[in-house]
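Residue numbers (the working numbering): 1 to 474. Cβ atoms here follow ideal geometry from the backbone N, Cα and C, with glycine treated the same way. Written below as structure tokens is the structure these notes are about.
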């Protein structure tokens with residue numbers, strides 16, 4: 001159970017439970033098709049003629065599609081291309097200045113995912129300096145001056161909150177991704193007294209959760225427990241209970257081998273979660289708490305409870321259309337099934353088949369690799385040849401990704417295969433530099449090609465006929 005549990009816990013290691021935004025990850029192929037439809041009709045719709053925000057959103061989503069599909073360099077290329085287009089037009093309208101900021105933020109997130117924590121945090125700090133003291137922000141050679149930023153604030157006052165939230169939340173995520181817990185605590189201590197952090201209960205709560213996570217990472221469990229206990233008490237008094245936070249408390253007890261205390265906390269979560277769902281129904285927050293509850297129960301060996309709640313979680317996540325969430329739920333259910341049901345049982349076979357089907361068709365490359373490793377390890381005792389093939393495929397996928405987090409997953413794949421003498425050829429083939437690159441679905445390829453071909457004439461002053469010609473040529 002340990003290796004499967006470690007994999008599942010690792011997937012949650014940089015996920016702040018109080019940050020619910022951008023949690024749903026739908027089918028990438030369908031999303032890409034939708035993007036292509038929208039960009040093809042962008043200029044032919046009169047209501048979109050001068051709407052830079054519409055185009056910027058489409059461009060940002062195109063970059064994110066490439067990132068999730070494992071095409072990291074292409075995601076960066078799209079961001080730089082968007083910035084070059086907006087920068088060339090920035091003197092014509094303030095809207096193009098605003099549009100430059102989001103691809104800049106995405107580049108910071110990509111740097112964090114690559115393992116370049118310092119570069120990522122510097123980019124967020126430079127963005128914050130534009131807001132805090134008027135220091136000009138240089139984006140790919142284009143400057144946004146303090147005067148220009150004042151114009152932005154006049155027309156787009158919400159950008160202020162966006163910049164502050166990015167500085168706090170994305171810097172925290174960068175530290176968590178790199179597992180630089182000492183650096184994260186120093187970062188949090190630096191701006192804790194700053195008024196604009198405490199002006200927002202949301203930002204303040206996120207910072208405290210992050211502080212607790214950093215302490216957990218450093219093994220300072222008692223300190224983390226005190227912070228979380230005070231935070232949940234305060235949120236409860238505000239009428240804003242966050243049940244998912246209790247699963248962090250339970251995990252601290254598990255790490256300290258206090259399983260009975262962990263069980264009591266999870267029982268509390270289950271009771272109150274049932275009451276919350278009966279009143280409010282199931283939503284993203286309820287799904288997240290239900291999944292983390294099931295994961296927590298699995299971690300302490302409560303397989304019956306874990307299976308029951310994991311089945312509830314997957315119903316919710318499927319209703320939300322969250323493909324990655326569904327994959328994670330299936331991984332958890334499969335891990336529980338390997339413990340709970342005997343070899344060859346109908347329940348285990350059914351779960352294995354569903355996980356296999358989704359893992360092989362999803363376009364999310366990292367999640368696909370993690371699911372195949374998880375599935376392969378579970379199959380080694382029953383279908384060794386199939387298990388080796390899946391682990392080998394996961395190794396190849398992890399090797400193709402330019403993400404720092406993939407290194408430990410690659411090691412896990414290699415270590416598992418190295419214990420099997422018959423897997424030598426698989427190791428050699430899948431870890432060789434000449435191994436074939438994973439196939440990217442056509443719609444995702446087309447998104448990259450089409451957006452890279454956009455130029456200033458098209459986005460700034462092109463006609464509907466130009467848009468039609470571009471669409472036909474693509």
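For residue i, the first and last residue of its enclosing alpha helix (DSSP H)
{"i": "residue 144", "result": "That residue, residue 144, is in no alpha helix (DSSP H); its beta strand (DSSP E) goes 142-144."}
{"i": "residue 73", "result": "72-89"}
{"i": "residue 214", "result": "201-217"}
{"i": "residue 256", "result": "Note, residue 256: premise wrong, no alpha helix (DSSP H); not H, not E."}
{"i": "residue 400", "result": "384-400"}
{"i": "residue 134", "result": "That residue, residue 134, is in no alpha helix (DSSP H); it is neither H nor E in DSSP."}
{"i": "residue 181", "result": "181-191"}
{"i": "residue 448", "result": "442-452"}
{"i": "residue 233", "result": "221-237"}
{"i": "residue 161", "result": "159-165"}
{"i": "residue 31", "result": "28-41"}
{"i": "residue 61", "result": "52-68"}
{"i": "residue 346", "result": "346-361"}
{"i": "residue 373", "result": "365-379"}
{"i": "residue 416", "result": "406-418"}
{"i": "residue 173", "result": "171-178"}
Residue range of the unbroken beta strand (DSSP E) whose run includes residue i
{"i": "residue 139", "result": "137-139"}
C-alpha gap between residue i and residue j, whole angstroms
{"i": "residue 155", "j": "residue 61", "result": "23 Å"}
{"i": "residue 240", "j": "residue 250", "result": "20 Å"}
{"i": "residue 395", "j": "residue 374", "result": "12 Å"}
{"i": "residue 144", "j": "residue 114", "result": "26 Å"}
{"i": "residue 96", "j": "residue 180", "result": "35 Å"}
{"i": "residue 362", "j": "residue 79", "result": "24 Å"}
{"i": "residue 279", "j": "residue 230", "result": "26 Å"}
{"i": "residue 441", "j": "residue 68", "result": "12 Å"}
{"i": "residue 390", "j": "residue 351", "result": "16 Å"}
{"i": "residue 211", "j": "residue 271", "result": "28 Å"}
{"i": "residue 214", "j": "residue 57", "result": "33 Å"}
{"i": "residue 447", "j": "residue 52", "result": "19 Å"}
{"i": "residue 262", "j": "residue 290", "result": "16 Å"}
{"i": "residue 310", "j": "residue 327", "result": "12 Å"}
{"i": "residue 439", "j": "residue 232", "result": "45 Å"}
{"i": "residue 430", "j": "residue 423", "result": "11 Å"}
{"i": "residue 217", "j": "residue 102", "result": "31 Å"}
{"i": "residue 132", "j": "residue 325", "result": "37 Å"}
{"i": "residue 123", "j": "residue 379", "result": "44 Å"}
{"i": "residue 449", "j": "residue 42", "result": "16 Å"}
{"i": "residue 119", "j": "residue 129", "result": "15 Å"}
{"i": "residue 286", "j": "residue 234", "result": "20 Å"}
{"i": "residue 283", "j": "residue 277", "result": "8 Å"}
{"i": "residue 81", "j": "residue 149", "result": "22 Å"}
{"i": "residue 341", "j": "residue 238", "result": "43 Å"}
{"i": "residue 208", "j": "residue 224", "result": "9 Å"}
{"i": "residue 162", "j": "residue 138", "result": "18 Å"}
Beta-carbon proximity check, residue i vs residue j, cutoff 8 Å
{"i": "residue 127", "j": "residue 167", "result": "yes"}
{"i": "residue 25", "j": "residue 382", "result": "no"}
{"i": "residue 392", "j": "residue 426", "result": "yes"}
{"i": "residue 117", "j": "residue 19", "result": "no"}
{"i": "residue 336", "j": "residue 359", "result": "no"}
{"i": "residue 398", "j": "residue 418", "result": "no"}
{"i": "residue 112", "j": "residue 174", "result": "yes"}
{"i": "residue 252", "j": "residue 221", "result": "yes"}
{"i": "residue 146", "j": "residue 136", "result": "yes"}
{"i": "residue 203", "j": "residue 236", "result": "no"}
{"i": "residue 206", "j": "residue 185", "result": "no"}
{"i": "residue 320", "j": "residue 355", "result": "no"}
{"i": "residue 365", "j": "residue 70", "result": "yes"}
{"i": "residue 456", "j": "residue 3", "result": "no"}
{"i": "residue 266", "j": "residue 296", "result": "yes"}
{"i": "residue 475", "j": "residue 106", "result": "As displayed, the chain neither begins before 1 nor continues past 474, which places residue 475 out of reach and without an answer."}
{"i": "residue 140", "j": "residue 83", "result": "yes"}
{"i": "residue 176", "j": "residue 13", "result": "yes"}
{"i": "residue 293", "j": "residue 247", "result": "yes"}
Rounded distance between the beta-carbons of residue j and residue i, thought under 8 Å
{"i": "residue 32", "j": "residue 443", "result": "4 Å"}
{"i": "residue 299", "j": "residue 5", "result": "6 Å"}
{"i": "residue 151", "j": "residue 94", "result": "5 Å"}
{"i": "residue 59", "j": "residue 451", "result": "6 Å"}
{"i": "residue 8", "j": "residue 403", "result": "The pair is not a contact, with the Cβ atoms about 18 Å apart (cut-off 8 Å)."}
{"i": "residue 243", "j": "residue 228", "result": "That belief does not hold up - the Cβ atoms of residue 243 and residue 228 are roughly 13 Å apart, past 8 Å."}
{"i": "residue 35", "j": "residue 65", "result": "7 Å"}
Contact test: residue i Cβ vs the ligand PLP heavy atom, cutoff 7 Å
{"i": "residue 184", "result": "Summarising the ligand content, the structure contains no ligands, and the ligand PLP is consequently not present."}
Continuous alpha helix (DSSP H) assignments of at least 4 residues falling wholly in the stretch 97-127: Annotation note: the stretch 97-127 contains no uninterrupted alpha helix (DSSP H) run of length 4 or greater.
So within the stretch 264-338, which uninterrupted alpha helix (DSSP H) runs reach at least 4 residues, ignoring any that extend past its ends? Listed in chain order, they are 284-299, 303-320.
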